[in-house]
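Chains as they are written, first to last, in the numbering used here: chain A, 332 to 596; chain B, 2 to 265. Where a beta carbon is used, it is the ideal one built from N, C-alpha and C, also for glycine. Since the model is a prediction, treat every value here as computed from it, not as a measurement.
Written out as structure tokens, the structure is:
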């Protein structure tokens, strides 16, 4: 057989066809959406002018507003994010343990935990906040619980994966000594999961700082309430102040998290 | 027999880690402080639980009678997600390439990286508010918001993926005398394509989630329907909308798993 003339192909015919099918579906979906979505072209043409108007109203940023209302609201936002992250752990750790196949070996447990994790992740934090605002009334408690419930899915899933990657050697050694179930968890799994645990929690805290900044738009406390109020009153210079404060806090949170993670890992 | 009995002065293998203990103590102090600072109390929580059972009672059975309203919101959310994902991925392809430090000189990559970081800093809802102000209520504001959010997220990941490629293939293609476009198409893209597909399907998922949320501030989609249902205390309709949203997101995850397995 003459191998020189053989025509090499990277993909089989079936692979090629299925790839083209995906592209085709995407193009059809895109064209269909563009045609049927209700976009008013005049608004799009008007947009640069409107944006310029908005930024010109924002420009002399109202720094005097910071000590009046923004500072307390920012502290509240940070508290919501931190406390929410801590409360998440109460629910996320048991679910992560249930979801890890090397700890609980039962399909039922996996399905139950996965159901909770997925539904926590599917519902957006603002929707969780709406739910908790209608339960507990407007205020900080709704914000904390919204952040906590939203984070369960994220923390639980990643922590479960970290537990599954544990080296089983030391676990078996502990089992061989006749250690109890609790001490296997605490002395076998926990030290190995510790770095992953801290980095997951810090990562989620960083996300939660961003998310808690907008929860106030639906009445769940924090800087979002100040932002919403000044927007409803068209005080764009105060809006700019709140946005600047959010920007600074988000950047600071990211710097803090990056530095701590560098030390830990 | 001294070797066997020497266990008296052996080090405890499970010794206390003082650093971690200190962190836990700090956390407990913080929890006590923040509960006081924010005025959270058990009575408040307990009172809320009564409302919770009331709310849940009003949620069942979910009310699907306003089917047409639900469907129009759902379709608008889907359209927002599809358009914004495709536009966002298309823009990110170029921005990601320009932001990769091994492909571009630093005077191009630094400004592009700053732009990407700026897109990522603000929560989509805040961007949505600004766009609603500038282009008015409706789907357009949602689309623009999610395009910005997608660029902030996947352009960064694209750039990181391109920075991790092996430069040997790039050199091999360059040695054949290929131009810039051919180098990108035949040496860079094959190395990163499957990761790009992974990021893109993830972004499609997250745009699907966010497209059901931007409506809360008036940027079109199912979120607006949800928000007004909340404000009118139609909790049975709220339950129906939430069920539809969860079903939509699970369907989206199912689809993106299929796409990922095709491109593996």
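For residue 51 (chain B), the uninterrupted alpha helix (DSSP H) segment begins and ends at 43–60. Boundaries cannot be given for residue 511 (chain A), as no alpha helix (DSSP H) includes it and DSSP labels it neither H nor E.
In this chain, residue 393 (chain A) is not harboured by any alpha helix (DSSP H), its DSSP state being neither H nor E. At a C-beta separation below 8 Å, residue 350 (chain A) has these neighbours in chain B: 263, 264. Listed in chain order, the alpha helix (DSSP H) elements of length 4 or more contained wholly in the stretch 198–260 of chain B are 223–232. Around the CB of residue 74 (chain B), 16 or more other CB atoms lie within 10 Å, so the residue is classed as buried. It is roughly 10 Å from the alpha-carbon of residue 484 (chain A) to the alpha-carbon of residue 491 (chain A). Burial check for residue 133 (chain B): the Cβ neighbour count within 10 Å reaches 16 or more, so the residue is buried.
For the pair residue 394 (chain A) and residue 572 (chain A), the CB atoms are nearer than the 8 Å cut-off. Closer than 8 Å to the CB of residue 375 (chain A) there is at least one CB belonging to chain B. The stretch 187–197 of chain B and the stretch 115–131 of chain B do not touch, with fewer than 3 CB-CB distances between them shorter than 8 Å.
The three-state reading of DSSP puts residue 374 (chain A) in helix, counting H, G and I together. Residues of chain A with a Cβ closer than 9 Å to the Cβ of residue 247 (chain B) are, in chain order, 449, 450, 453, 454. Counting only the Cα atoms, residue 135 (chain B) lies some 25 Å from residue 204 (chain B). Non-local beta-carbon contacts of residue 264 (chain B) in its own chain, meaning distances under 7 Å to residues more than five positions away in sequence, involve 195, 198 in chain order. Around the Cβ of residue 564 (chain A), a 10 Å sphere holds fewer than 16 other Cβ atoms; the residue is exposed. Here DSSP, grouped into helix, strand and coil, assigns residue 590 (chain A) to helix. Any Cβ of chain A closer than 8 Å to the Cβ of residue 32 (chain B) would place that residue at the interface, and such an atom is present. Taking residue 260 (chain B) as reference, the option from A:337, A:338, A:355 with the minimal CA-CA separation is A:355.
Of all C-beta pairs linking the stretch 84–103 of chain B to the stretch 238–252 of chain B, fewer than three are shorter than 8 Å, placing the two stretches out of contact.
In this structure, the straight-line span from the alpha carbon of residue 361 (chain A) to that of residue 505 (chain A) is close to 57 Å. Nearest to residue 585 (chain A) by C-alpha distance, out of B:118, B:35, B:258, B:43, is B:118.
From the listed residues A:591, A:371, A:575, the smallest Cα separation to residue 536 (chain A) is found for A:591. For residue 410 (chain A), the chain B residues whose Cβ falls inside 8 Å of its Cβ are 35, 38, 39, in order along the chain. In this structure, the CA atom of residue 66 (chain B) is about 16 Å from the CA atom of residue 223 (chain B). From the listed residues A:453, A:449, A:557, the smallest Cα separation to residue 399 (chain A) is found for A:557.
The C-beta of residue 581 (chain A) comes closer than 8 Å to at least one C-beta of chain B. Membership of residue 361 (chain A) in the alpha helix (DSSP H) is indicated by the continuous run 344–367. In terms of Cβ geometry, residue 423 (chain A) and residue 524 (chain A) do not form a close pair [threshold 8 Å]. In the DSSP assignment, residue 526 (chain A) falls within the alpha helix (DSSP H) that extends over 521–546. Within the same chain, 81, 82, 85, 86, 89, 125, 208, 211, 212, 215 come within 8 Å of residue 147 (chain B) by CB-CB distance, once the 5 residues on both sides are set aside. For the set A:587, A:576, A:582, A:583, the Cα lying nearest the Cα of residue 397 (chain A) is the one of A:576. Counting only the Cα atoms, residue 189 (chain B) lies some 42 Å from residue 459 (chain A). Annotated three-state conformation of residue 23 (chain B) is helix, per DSSP. Residue 262 (chain B) carries a helical assignment under DSSP once its states are collapsed to helix, strand and coil.
The continuous alpha helix (DSSP H) containing residue 95 (chain B) extends over residues 68–100.
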